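Everything on this sheet refers to the single structure shown next.
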Ligand code: ZN
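Numbering (the numbering used here), first residue to last: 3 to 377.
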């Protein structure tokens, strides 16, 4: 019996594997930080044995509520991921599973590796609609990739999407995969119409270092990138520094920042109603965006979400708030569940890569309904 995690995105510490019905593990803290929640490891040598895999420090992680009504994902072929029975007693997370094969992977959510990211952005650039370039280097000198889709022009709306500020929220990559492939589909009328009116600037993974390090929330310097937008540091949060610089160059008419939420079993957005610049125009735009998304994808809802900011009290260190304020534009944090959408559950997979991708595709209909009102 062996448990390992020394691979892209891996995270686990082995405390004891003496007995298959009492495998004791711990989630490692994020780089230079106290955050923890993401786990991803490989287990070998337990085929046919009922295993009880216990994560002893689950109660000490970033969001212990995230473990309630949660089931871990597992895979034998690294393509198909399924949920396995998981329980939480307030401190210990227990995964009960009898593997069918000698080697099995377990994770917090279906992983999306750096190699998958590179494949995705390079297959996108083959389209005549798309240009791939790097905006600068991460802390560990990896490329910060930007996809520009559509022809830039003064008459075009500038639409930005950013994903993986929080690297453990891998559903954001699956969302982007759906979004990008639909936008590049030249037989899709919604995408073609949008590209007549807008140009898209897409950052499919702004925190590549944190993703590879197996972090939940921070980059290689221990910075939570989604608290760096008011004043990013060129050395400690270069990922935000370079993206913000490019946004200043292009302008922004709409910004969507794609995330996952550990606790809430719903899809929702965090709005900009608390930014000082919030006004009637932004409110009308936001209301239209939300009601349209409900129409086109029943996985979206507005009853459940974060507590709303008081007027003028939004935290401008957060990407969506800072960009909304700075560019006086509609700017939303999009949150998907780790668990499932409780209004429309699908227990076999819970919230999944497939559903994230379809959800990402669906927002193009929403953008088309408001594109003429942007700016
Ligand atoms: Zn997040």
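Where is the CB? At the ideal position from N, CA and C, for every residue including glycine.
Because the structure is a prediction, the values reported are computed rather than measured.
Please name the residue in the options whose C-alpha comes closest to that of residue i.
{"i": "residue 278", "options": "287, 329, 103 and 242", "result": "329"}
{"i": "residue 23", "options": "46, 6 and 56", "result": "56"}
{"i": "residue 172", "options": "355, 269 and 157", "result": "355"}
{"i": "residue 254", "options": "38, 324 and 291", "result": "324"}
{"i": "residue 175", "options": "8, 326 and 210", "result": "210"}
{"i": "residue 263", "options": "72, 198 and 33", "result": "72"}
{"i": "residue 368", "options": "98, 293, 320 and 350", "result": "293"}
{"i": "residue 30", "options": "21, 16 and 347", "result": "16"}
{"i": "residue 222", "options": "6, 11 and 4", "result": "11"}
{"i": "residue 35", "options": "220, 14 and 206", "result": "220"}
{"i": "residue 146", "options": "322, 372 and 208", "result": "208"}
{"i": "residue 227", "options": "274, 164 and 357", "result": "164"}
{"i": "residue 372", "options": "256, 169, 151 and 41", "result": "256"}
{"i": "residue 65", "options": "53, 170 and 224", "result": "170"}
{"i": "residue 332", "options": "284, 357, 52 and 306", "result": "284"}
{"i": "residue 182", "options": "155, 357 and 125", "result": "125"}
{"i": "residue 358", "options": "178, 376 and 249", "result": "178"}
{"i": "residue 111", "options": "377, 307 and 261", "result": "261"}
{"i": "residue 9", "options": "160, 376, 130 and 113", "result": "113"}
{"i": "residue 5", "options": "46, 38, 26 and 273", "result": "46"}
{"i": "residue 326", "options": "300, 309, 274 and 362", "result": "274"}
{"i": "residue 20", "options": "50, 54 and 42", "result": "54"}
{"i": "residue 2", "options": "250, 133 and 215", "result": "With the chain covering only 3 through 377, there is no way to say anything about residue 2."}
{"i": "residue 84", "options": "376, 350, 364 and 366", "result": "350"}
{"i": "residue 321", "options": "120, 312 and 336", "result": "336"}
{"i": "residue 25", "options": "67, 307 and 97", "result": "97"}
If I follow the unbroken beta strand (DSSP E) through residue i, where does it start and stop?
{"i": "residue 200", "result": "200–205"}
{"i": "residue 90", "result": "88–90"}
{"i": "residue 271", "result": "270–272"}
{"i": "residue 262", "result": "256–263"}
{"i": "residue 18", "result": "15–18"}
{"i": "residue 4", "result": "4–6"}
{"i": "residue 29", "result": "Segment: none, residue 29 is in no beta strand (DSSP E) and carries neither H nor E."}
{"i": "residue 75", "result": "74–77"}
{"i": "residue 235", "result": "Run containing residue 235: none; DSSP gives neither H nor E here."}
{"i": "residue 98", "result": "95–99"}
Helix, strand or coil: which one does DSSP assign to residue i?
{"i": "residue 291", "result": "helix"}
{"i": "residue 151", "result": "strand"}
{"i": "residue 341", "result": "coil"}
{"i": "residue 146", "result": "strand"}
{"i": "residue 161", "result": "strand"}
{"i": "residue 266", "result": "coil"}
{"i": "residue 286", "result": "helix"}
{"i": "residue 228", "result": "helix"}
Tell me the residue span of the alpha helix (DSSP H) that contains residue i.
{"i": "residue 360", "result": "355–372"}
{"i": "residue 242", "result": "240–252"}
With a threshold of 9 Å between beta carbons, is residue i in contact with chain D?
{"i": "residue 61", "result": "No chain D is part of this structure, which consists of one protein chain only."}
>> So within the stretch 104–142, which uninterrupted alpha helix (DSSP H) runs reach at least 4 residues, ignoring any that extend past its ends?
In response: Within the stretch 104–142, the complete alpha helix (DSSP H) runs of at least 4 residues fall at 116–127.
> Counting pairs of beta carbons, one from the stretch 188–202 and one from the stretch 227–241, are three or more of them closer than 8 Å?
Replying inline: The stretch 188–202 is not in contact with the stretch 227–241.
> If you pair each beta-carbon of the stretch 274–293 with each one of the stretch 311–325, do three or more pairs fall below 8 Å?
Replying inline: Verdict: yes, contact present.
> Quick one: complete beta strand (DSSP E) runs, 3+ long, within the stretch 301–331?
Replying inline: Qualifying beta strand (DSSP E) stretches: none in this window.
> At which residue ranges does the stretch 32–61 contain complete beta strand (DSSP E) runs of 3 or more residues, listed in the order of the chain?
Replying inline: Listed in chain order, the complete beta strand (DSSP E) runs (minimum 3 residues) inside the stretch 32–61 are 42–46 and 53–57.
>> Could you tell me which whole alpha helix (DSSP H) segments of length 4 or greater appear in the stretch 163–223?
In response: Here the runs fully enclosed are 173–185, 191–199 and 210–215.
> Touch check for the stretch 259–268 and the stretch 337–345: three-plus C-beta pairs under 8 Å?
Replying inline: A contact exists between the stretch 259–268 and the stretch 337–345.
> Does the count of Cβ pairs from the stretch 133–150 and the stretch 73–91 closer than 8 Å reach three?
Replying inline: Inter-segment contact for the stretch 133–150 and the stretch 73–91 is absent: fewer than three beta-carbon pairs are separated by less than 8 Å.
>> Three Cβ pairs or more, each shorter than 8 Å: is that satisfied between the stretch 105–112 and the stretch 184–192?
In response: Counting Cβ pairs under 8 Å, fewer than three are found: no touch.
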